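Notes for the one structure printed next.
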């Protein structure tokens, strides 16, 4: 994995009174074990603390496919207390907003999460998740 995590694209959204980060990792295989990467965990923990982020949608992209992991940052500096989860509805809404801003002409986005494939449907100012 690229050691320069500062170059990764990232955005922050307020979704249902939760601060959600979207962190894009391009060209990372879906079977890559990102959850064991201590540099990534530390970087995400620090970014979460700096911006008071509740959850971070960590998105691996490989071509047009996208896989989303959810990182729950740790605010007390102990990396072993941060955690990963399989899905976050607010994370999908934040990711949908990010994708819609990036590609406003698309009518549907498909994202694989740890709990299955989800469709994100941008409809005017609302992001729906199926």
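In my numbering, the protein residues as written are 4 to 133. We put the beta carbon where it would ideally sit given N, CA and C, even for glycine. For clarity, every value in this text was computed on a predicted model and none was experimentally measured.
Residue range 92-105 is occupied by the alpha helix (DSSP H) that includes residue 98. In the DSSP assignment, residue 42 falls within the alpha helix (DSSP H) that extends over 41-54. The straight-line gap separating the alpha-carbon atoms of residue 119 and residue 62 is approximately 14 angstroms. By the Cβ test, the stretch 49-60 is not in contact with the stretch 30-41, since fewer than three Cβ pairs between them sit closer than 8 angstroms. Here residue 69 is buried, its C-beta having at least 16 other C-beta atoms within 10 Å. For residue 17, DSSP records a beta bridge to 22. Judged by DSSP in its simplified three-state form, residue 37 adopts helix.
Comparing alpha carbon positions, the residue from 125, 21 and 126 closest to residue 60 is 21.
A Cβ-Cβ separation of about 32 angstroms leaves residue 110 out of contact with residue 76 under the 8 angstroms criterion. For the options 74, 107, 58 and 121, the alpha carbon positioned closest to that of residue 43 is the one of 74. In this structure, residue 102 lies away from residue 132, with their beta-carbon atoms at least 8 angstroms apart. Contact check for residue 100 against residue 71 fails: the beta carbons are separated by 8 angstroms or more.
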